[in-house]
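What follows is a set of notes on a single structure, which appears directly below.
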Amino acid sequence: MIFADDAAVVTHTQEELQSLMSHFSMACKDFGLNISLKKTNVLSQDTVTPPAITVDDYQLDVVHQFTYLGSTITDNLSLDAELDKRIGKAASTLARLTTRVWTNPRLTTATKMAVYNACVISTLLYGSETWTTYARQERRLNAFHLRGLRRILGITWQDKVSNLEVLTRAGLPSVYTMLRQRRLRWLGHVRRMEDGRIPKDILYGELASGKRTTGRLNLRFKDVVKRDMKAIDINTQSWEDLAADRPKWRGTLTTQLKSGETNMMRASEEKRARRKLRNNNSQETTYSCDFCGKECLFRIG
1 MIFADDAAVV
11 THTQEELQSL
21 MSHFSMACKD
31 FGLNISLKKT
41 NVLSQDTVTP
51 PAITVDDYQL
61 DVVHQFTYLG
71 STITDNLSLD
81 AELDKRIGKA
91 ASTLARLTTR
101 VWTNPRLTTA
111 TKMAVYNACV
121 ISTLLYGSET
131 WTTYARQERR
141 LNAFHLRGLR
151 RILGITWQDK
161 VSNLEVLTRA
171 GLPSVYTMLR
181 QRRLRWLGHV
191 RRMEDGRIPK
201 DILYGELASG
211 KRTTGRLNLR
221 FKDVVKRDMK
231 AIDINTQSWE
241 DLAADRPKWR
251 GTLTTQLKSG
261 ETNMMRASEE
271 KRARRKLRNN
281 NSQETTYSCD
291 FCGKECLFRI
301 G
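Just so you know, we're using my numbering here: the sequence shown kicks off at 1 and counts up by one.
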């Protein structure tokens, strides 16, 4: 697998990339190793024309996405393909445990939530420590999380139970808090790494030349973790000194994440109350369905 982004294209031309691959092929032959040409692909990120790389007169296939260490990497820098696979695998895990765990009357709710957190959530958020997520993507993950909890707790839409009540019964936080916790813990881990480690060099490194394009820019990992720290009231200027002490950083995250989850739930509850008040004050006609008993409202009378 060969990656070529904008920064790499500046310093590595088509000929240089081909030369690197040729030297790698010769080194493999010296050690008696064979390269599987059908399994070797080329993926270029954010380039107009993908590089044409050949090995022993065989041109490697150019792909649009590639699975590396369980994570899906795409050529358009989008996280949607990875989220599709994460949600699909988590849904399969959720379905396979239906008879043995979720509908088992001998298991308590606490035990079911422990299994859900260990099996489903770990599958859903695998590799999320380095995700650069947009708000719509986080809402999608949280929607799956709530659907799974409603399914386990036996709550249907007819019960008219709010999402906040579902999380309270389950004793689990929302996906927003889980993502913040994983990202910020990883951020502190990278901060405490020794100089010269690749993750730390990438976090603190800057390009020697070039500039970002005009228009709305893509989110960076730095932007997302700064957003997370602001959401839970952590100073974005002095976080490095706090993260240098591992116990203090983890304790601060535990306290601030819990406070942030409480504030988010309170804001959601206030928004829900305002919406219900607005609907009650509007002149509407109520009709009860003869089949299910659900009340339908018509603003047109």
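We put the beta carbon where it would ideally sit given N, CA and C, even for glycine. Small disclaimer: the values here were computed from a predicted structure and weren't measured.
- The residues Leu77, in chain order, have a CB closer than 7 Å to that of Asn218 in the same chain once the five nearest residues on each side in sequence are set aside.
- Counting every other CB atom within 10 Å of its CB across the protein chains shown gives Trp249 a total of 16 or more, marking it as buried.
- Of all C-beta pairs linking the region 136-155 to the region 84-100, three or more are shorter than 8 Å, placing the two stretches in contact.
- Taking C-beta atoms as the reference points, Gln65 and Ala81 count as a pair closer than 8 Å.
- The continuous beta strand (DSSP E) containing Tyr68 extends over residues 65-68.
- Our two residues, Asp245 and Gly251, have alpha carbons roughly 10 Å apart in a direct line.
- Counting only the Cα atoms, Met193 lies some 22 Å from Tyr126.
- Of the other Cβ atoms in all chains shown, 16 or more fall within 10 Å of the Cβ of Arg86; this residue is therefore buried.
- About 21 Å separates the beta carbon of Ala114 from that of Arg180, a gap too long to meet the 8 Å contact definition.
- In this structure Thr133 touches Leu79 by the C-beta definition: roughly 6 Å separates them, less than 8 Å.
- About 14 Å separates the Cβ atoms of Leu141 and Asn163, ruling out a contact at the 8 Å cut-off.
- Bounds of the beta strand (DSSP E) holding Ile73 are 71-74.
- Within the same chain, Cβ atoms closer than 6 Å to the Cβ of Gly188 are found at Ala243, Trp249, the five residues on either side in sequence being excluded.
- For Asn263, DSSP assigns no beta-bridge partner whatsoever.
- Taking 8 Å as the cut-off, the Cβ atoms of Glu129 and Arg182 count as close.
- Pairing Arg185 with Leu253 gives a Cβ-Cβ distance under 8 Å.
- Taken in chain order, the region 82-129 contains no complete beta strand (DSSP E) segment of 3 residues or longer.
- Between Leu172 and Asn104, the C-beta gap is not smaller than 8 Å, which leaves the two residues out of contact.
- Thr168 and Lys200 have their C-alpha atoms roughly 38 Å apart.
- In the DSSP assignment, Leu33 falls outside any alpha helix (DSSP H) and carries neither an H nor an E.
- Per DSSP, the continuous beta strand (DSSP E) segment holding Val42 begins and ends at 41-44.
- Excluding residues up to 5 positions away in sequence, Gln65, Ala81, Glu82, Lys85 lie with their Cβ nearer than 6 Å to the Cβ of Thr72 in the same chain.
- Assignment of beta-bridge partners to Tyr58 by DSSP yields Val55.
- When Thr214, Gly215, Trp239, Arg216 are compared, the shortest CA-CA separation from Val225 is found for Trp239.
- Less than 8 Å divides the Cβ of Val55 from the Cβ of Met21.
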